[in-house]
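Okay, structure first, notes after.
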Amino acid sequence: MNYFKEAVDLLPQTWQRIVYGTRAIARKQHVDDILTDHVGALIDGTHASKLYLDRYPDERVLASLLPLAEHVNEHLYPVAPTAGFRNRLLNDLMRQAHAQHERGNPSLWTEKRKEIIIGATITSVISAVGVLAYFMHILPFNRRPTSTG
Amino acid sequence: MTESEEALVERAKVDPDAFGMLYQQYVERIYSYIYYRVSNHHDAEDLTARTFQQALKHIGRYVNKGVPFSAWLYRIAHNSVANWHRAHSRHRFISLDDLVMMSSRSKSAPDTITERNEERAALLRAIRQLPEDRQQLLILKFTERLSNREIGQIMGRTEGAIKSLYHRTLLALRDELEEEGFASFELLHSDNGDEPSPLTFLAHKEEGD
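Order-wise, the sequence lines are chains A and B.
Here our numbering is used: the first residue of the first sequence is 5, the next is one more, and so on.
Here our numbering is used: the first residue of the second sequence is 330, the next is one more, and so on.
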């Protein structure tokens, strides 16, 4: 009876936690959406942080995250390799590609020969041990002598 | 994947010139991605070369499963970088000099350049402290300018998961920067009242105190 009473007492608290948890999840997803919209605008070249902050004044976390996203956008930009490196690598790759083409594309057997052989050996050994164990189990010399009376 | 790219990839399996075209199309993006993960030109060049050599070796077995060819390349690049980090895990010090020096290309006044270099160095140090998947997300998002869907295809996650990861990444990055000594970020209005200045990166905590 006491257990029942305790369970009933816990109900409002549990319900509150469920509601609070659901709200927290919904709110987090809402912020996820705003941040995604914002970074999309940043990538398109629009600095609209102020606009987003005005639109969602209740989401206080945005006040630090939106300017941070702008800061990251300002400092992370694409970096190009040197022309010398690009050309050198292209020439190397073309040479390798022609050699590979002349040899023909390597088959799975050529590339993974070692792994295939090791796998097959292990499988064969396990099978042999299994067969041996089976025969030892069924052959007469392994049986206990039975009394003939 | 567009049809023409799909056809190009199929041709690249037997035609070296087609592979060369794919290389020309993607080398800058892959290099940039790797560069931000390893922080120096020398290793970025080495790993970019390895990525394309692996791609060439295995392109015969590439099967289009509905994700862009670039996602396949990024995954090879990601694995090369992960191996590189494992091999260099005993020597964790990574110079950021190259990365920071890049921002001095601008034609601003020397003081401004120095200030921007410091900001950039702090940011890159903070990014480097983040878990690998968060670093990857920031690079793909901000330097490669990919959508959540494309990033999801590369990282093997759903679009919703990427959205959520981006939120958590910004929170973690903010905390890292605060630990570095930067107080906070704040939007300020410009004095002339035309438009808000995009961003003011507040001074170090000790200066603000």
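We treat Cβ as the ideally placed atom computed from N, Cα and C, and that holds for glycine.
Fair warning: this is a prediction, and the values are worked out from it, not measured in the lab.
- In this structure, A:Leu72 keeps its C-beta atom at 8 Å or more from the C-beta atom of B:Leu469.
- What B:Ser361 touches in chain A, judged by beta-carbon distance under 9 Å, is Tyr81, Pro82, Val83, Ala84, Pro85, going in chain order.
- In the displayed model, A:Asn91 falls within a helix according to three-state DSSP.
- For B:His407, the enclosing alpha helix (DSSP H) stretches over residues 398-416.
- In the three-state reduction of the DSSP assignment, B:His370 falls in the helix class, which pools H, G and I.
- Rounded to whole angstroms, A:Lys32 and A:Asp13 show a C-alpha spacing of 30 Å.
- Three or more beta-carbon pairs drawn from the segment 77-88 of chain A and the segment 349-361 of chain B are found closer than 8 Å, and the two stretches are therefore classed as touching.
- Just measuring C-alpha positions, the residue of B:His387, B:Glu339, B:Asn393, B:Arg379 sitting nearest B:Val410 is B:Arg379.
- Sixteen is the threshold: when 16 or more other Cβ atoms of the shown chains lie within 10 Å of the Cβ of B:Met484, as they do, the residue is buried.
- In terms of Cβ geometry, A:Tyr60 and A:Ile29 do not form a close pair [threshold 8 Å].
- By the neighbour-count criterion, in which 16 or more other beta carbons inside 10 Å mark a residue as buried, B:Pro397 falls on the buried side.
- Chain A has no Cβ within less than 8 Å of the Cβ of B:Gly510.
- Counting only residues of its own chain and dropping the five nearest sequence neighbours on each side, B:Gln382 has no CB closer than 8 Å to any other CB.
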